[in-house]
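Heads up: the sequence shown at position 272 corresponds to 393 in the numbering used here, and the numbers run straight through without jumps. For every residue, glycine included, the Cβ atom is placed at its ideal position computed from N, Cα and C.
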Amino acid sequence: MTTHPATETGIAACTEKLKQGALVAVPTETVYGLAGDATNANAIAAIYATKARPQFNPLICHIADMETARAIGRFNEMAEKLAAAFWPGPLTLVVPRQKNCPVDLLASAGLDTIALRIPAHDVAQKLLHTVGLPLVAPSANPSGRLSPSSAAHVRDMLPDIDVLDGGDCAIGVESSIVGCLDETPLWLRAGGVSRHHIEACLGVTLSQPPQEKHAAARLAPGRLARHYAPQSRMRLNAERAEDNELLIGFGSDAPHDCFANLSPSGDLAEAAAQLFATLHAADDAAQHGARRLAVMTIPIHGLGEAINDRLTRAAS
Ligand code: AMP
Ligand code: MG
Numbered sequence: 122m123t124t125h126p127a128t129e130t131g132i133a134a135c136t137e138k139l140k141q142g143a144l145v146a147v148p149t150e151t152v153y154g155l156a157g158d159a160t161n162a163n164a165i166a167a168i169y170a171t172k173a174r175p176q177f178n179p180l181i182c183h184i185a186d187m188e189t190a191r192a193i194g195r196f197n198e199m200a201e202k203l204a205a206a207f208w209p210g211p212l213t214l215v216v217p218r219q220k221n222c223p224v225d226l227l228a229s230a231g232l233d234t235i236a237l238r239i240p241a242h243d244v245a246q247k248l249l250h251t252v253g254l255p256l257v258a259p260s261a262n263p264s265g266r267l268s269p270s271s272a273a274h275v276r277d278m279l280p281d282i283d284v285l286d287g288g289d290c291a292i293g294v295e296s297s298i299v300g301c302l303d304e305t306p307l308w309l310r311a312g313g314v315s316r317h318h319i320e321a322c323l324g325v326t327l328s329q330p331p332q333e334k335h336a337a338a339r340l341a342p343g344r345l346a347r348h349y350a351p352q353s354r355m356r357l358n359a360e361r362a363e364d365n366e367l368l369i370g371f372g373s374d375a376p377h378d379c380f381a382n383l384s385p386s387g388d389l390a391e392a393a394a395q396l397f398a399t400l401h402a403a404d405d406a407a408q409h410g411a412r413r414l415a416v417m418t419i420p421i422h423g424l425g426e427a428i429n430d431r432l433t434r435a436a437s
């Protein structure tokens, strides 16, 4: 597709696309990211589909400034300190989602936390300021391929995606990730900022994420089998709700009185976009009425693979 130069005109064209919910590959100082509007569930679903990720990993949300960051996540003293020292730059902070967080739950893969970063690349900065929206932007490569560090890499691997050409990435590795959820900062991923520099800034040693299954699932979902799980018992491949069940439907065969239909037309991207919000709402309703959840069969192709992966974990 189109390669846009990093000029005012090029950035304006990419801004228009992103506002309409389309995806654009954008340069950052780490790698090129496949960017989409973080407040738009359909755009986020399109990112997973384009990367052909078999799972919904939570995504890093890129923002222009601290004010935007604080509207999305809750920053404790440590998070404020790290942001002041290393932003803009290759450090991602995982913090609790703010009440009324504008970023769609799909970006958090259903978790109550959010990963945030202000990138240092001047083209990324200009774009974020012009768009005025938070952008999720995992590496712009199909799942399992090498991360792209130039516009040519992106064109080669994702020929249908528009690219904003900001030259070669200076760092070429991913951002470091630190979890700031309570008084104990967690070292979640090694990357562009060294552990030593982070510890020197905080004056404390970073902890490894706890091994205890439940806590760990919340903190480092990328590494664990069990991600977000509803509290309610859940039955998969249901055709109808049995007594005491709330049914999550899919497709035109779903009964009209089901609790929610992930996509009445059977569109897997729409179902992915609705998945986490629907699971949360259905779980709340089921807990209130002491009921169980049942989910109709979702086909396993395309985004259906990631949807089924998550449903299977949630039901286990
Ligand atoms: P990337 O592929 O560079 O966009 O990084 C995504 C990775 O960030 C995920 O695979 C997680 O390991 C991590 N991550 C994102 N959001 C969270 C979160 N809410 N909690 C913990 N880790 C997260
Ligand atoms: Mg990647």
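Following a CB-centred definition, is residue i positioned closer than 6 Å to any heavy atom of the ligand AMP?
i: Thr-251; result: no
i: Ile-181; result: yes
i: Leu-232; result: yes
i: Val-275; result: no
i: Pro-259; result: yes
i: Ala-427; result: no
i: Glu-304; result: no
i: Val-215; result: yes
i: Ala-236; result: yes
i: Asn-438; result: Any answer about residue 438 is impossible in this case: the structure gives the chain only from 122 up to 437.
i: Glu-295; result: yes
i: Asn-178; result: yes
I'd like to check one pair, residue j with residue i: are the Cβ atoms closer than 7 Å?
i: Val-152; j: Leu-285; result: no
i: Asp-404; j: Gln-352; result: yes
i: Ala-190; j: Ile-184; result: yes
i: Phe-207; j: Val-314; result: yes
i: Ala-164; j: Gly-154; result: no
i: Val-224; j: Pro-179; result: no
i: Ser-384; j: Ala-392; result: yes
i: Val-415; j: Ala-362; result: This sequence places Ala at residue 415; Val is not what is there. Result yes, Cβ atoms of Ala-415 and Ala-362 sit closer than 7 Å.
i: Met-215; j: Ala-200; result: The residue you asked about is not Met; residue 215 is Val in the sequence shown. Their beta carbons are not under 7 Å apart, which means Val-215 does not touch Ala-200 by this criterion.
i: Ser-268; j: Pro-211; result: no
i: Ala-261; j: Thr-149; result: no
i: Ala-435; j: Ala-375; result: no
i: Ala-167; j: Leu-144; result: yes
i: Pro-263; j: Ala-170; result: no
i: Gly-425; j: Leu-389; result: yes
i: Ala-394; j: Ala-162; result: yes
i: Gly-194; j: Gln-176; result: no
i: Ala-134; j: His-125; result: yes
i: Ala-230; j: Pro-209; result: no
Give the DSSP-derived three-state secondary structure of residue i in the structure shown.
i: Ala-341; result: No answer about Ala-341 holds up, because its pLDDT of 49 lies below 50 and its placement is not dependable.
i: Thr-149; result: coil
i: Gly-194; result: strand
i: Ile-235; result: strand
i: Ser-229; result: helix
i: Cys-182; result: strand
i: Leu-248; result: helix
i: His-125; result: strand
i: Thr-136; result: helix
i: Gly-425; result: helix
i: Ala-346; result: Note that Ala-346 scores a pLDDT of 33, beneath 50, so its modelled location is shaky; the value from the coordinates is reported in the next line. It is coil, neither helix nor strand.
i: Gly-210; result: coil
i: Arg-316; result: helix
i: Leu-155; result: strand
i: Arg-444; result: Shown here, the chain extends from 122 to 437; a query on residue 444 therefore has no answer.
Hey, residue i and residue j are a contact pair by Cβ (cut 8 Å); roughly how many whole angstroms apart?
i: Arg-413; j: Ala-406; result: Between Ala-406 and Arg-413 the Cβ distance is about 11 Å, and since that is not below 8 Å, they are no contact.
i: Cys-222; j: Ile-239; result: With 8 Å as the limit, Cys-222 and Ile-239 do not qualify as a contact, their Cβ atoms being about 17 Å apart.
i: Arg-310; j: Ile-298; result: 4 Å
i: Cys-322; j: Lys-202; result: 6 Å
i: Leu-279; j: Leu-307; result: Actually they are not in contact, since the Cβ atoms of Leu-279 and Leu-307 sit about 32 Å apart, beyond 8 Å.
i: Val-252; j: Thr-136; result: 5 Å
i: Asp-283; j: Thr-130; result: Actually they do not touch by this definition, with Cβ atoms about 14 Å apart.
i: Leu-237; j: Thr-213; result: 7 Å
i: Leu-227; j: Phe-397; result: 6 Å
Does residue i get closer than 7 Å to chain C when you measure Cβ to Cβ?
i: Ile-193; result: As a matter of chain content, chain C is missing from the structure shown, which is built from one protein chain.
Looking at residue i and the ligand PLP, is the gap between the Cβ and the nearest heavy atom below 6 Å?
i: Glu-304; result: With respect to small molecules bound, the structure shown includes the ligand AMP and the ligand MG and not the ligand PLP.
| request: Jot down the residue ranges of each uninterrupted alpha helix (DSSP H) in the stretch 253-309, minimum 4 residues, whole runs only, in chain order. | output: 272-278
| said: List, from N- to C-terminal side, the alpha helix (DSSP H) runs of 4 residues or more that fit wholly inside the stretch 351-417. | reply: 389-409
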